[in-house]
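A quick write-up on the structure given underneath.
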Amino acid sequence: MKHSGPEERRERGFYTLGLGLSVVLTVASFASVMTGILPSAWVIPALVVLALAQIVVQLRYFLHIDFTHQKREDLQLLLFTVLLLAIMAFGTLWVMADLGDRMM
Numbered sequence: 036m037k038h039s040g041p042e043e044r045r046e047r048g049f050y051t052l053g054l055g056l057s058v059v060l061t062v063a064s065f066a067s068v069m070t071g072i073l074p075s076a077w078v079i080p081a082l083v084v085l086a087l088a089q090i091v092v093q094l095r096y097f098l099h100i101d102f103t104h105q106k107r108e109d110l111q112l113l114l115f116t117v118l119l120l121a122i123m124a125f126g127t128l129w130v131m132a133d134l135g136d137r138m139m
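Numbering of the sequence shown is given in our numbering, commencing with residue 36 and proceeding in unit increments.
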C-alpha cells in the first residue's frame, strides 16, 4: 500500500473542499425551495445566485479553471463555449418566436 505524500494530501483536501462546497450549495438550493424559508419572490433569484456559485465551485475545484494569466487558454475556451451556448439558446428562441408569429 502506497503512502500518500504531502502533495497528494493537499490535492485530496482540495477535492474534499470542492465536494463539501458543492453539497452545501445543493442542500441550500433544495432547502430554499422545499422549506419555504424565503419569500416566494426571492426563491428564483436565490436559486440563480446559488447556481452561479455552484458553477464557480465546479470550474475551480474540479475542472481546475482559474483566471490567472497562465491559464488564458482555458478562459478563452470557456468564453467560446458560453458564446456558442448563447447563440444556440437565443437562436432557438428567435426561431420559435418567428414560427409563433407565422402561425397567427
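For glycine and all other residues, C-beta sits at the position ideal for the given N, C-alpha and C.
Spatial distance of V91 from F49 (CA atoms): On the sequence shown, position 56 is the one that residue 91 refers to. On the sequence shown, position 14 is the one that residue 49 refers to. Using only the alpha carbons, I get a separation of about 14 angstroms.
Simplified DSSP assignment, three categories, for D109: Translated into the one-based positions of the sequence shown, residue 109 becomes position 74. In the three-state scheme derived from DSSP, where H, G and I count as helix and E and B as strand, D109 is classed as helix.
At least three beta-carbon pairs within less than 8 angstroms, the segment 82-100 to the segment 44-64: The answer is yes - the segment 44-64 touches the segment 82-100, with three or more Cβ pairs under 8 angstroms.
Length at least 4, wholly inside the segment 39-119: the alpha helix (DSSP H) runs in chain order: As far as the segment 39-119 is concerned, its whole alpha helix (DSSP H) runs of at least 4 residues are 41-69 and 75-92.
Whether S67 touches V78 by CB criterion (8 angstroms): Residue 67 sits at position 32 when you count from the first residue of the sequence shown. Residue 78 sits at position 43 when you count from the first residue of the sequence shown. Yes, they are a contact pair.
C-beta atoms of I122 and L113 nearer than 8 angstroms: What you label residue 122 is simply residue 87 of the sequence shown in a count that begins at 1. What you label residue 113 is simply residue 78 of the sequence shown in a count that begins at 1. Contact flag unset, no.
Spatial neighbours of I72 in its chain, beta-carbon cut-off 8 angstroms, leaving aside the 5 residues before and after: Walking along the sequence shown from the start, residue 72 turns up at place 37. Around I72, the same chain offers A66 as residues with beta carbons nearer than 8 angstroms, after the five sequence neighbours per side are excluded.
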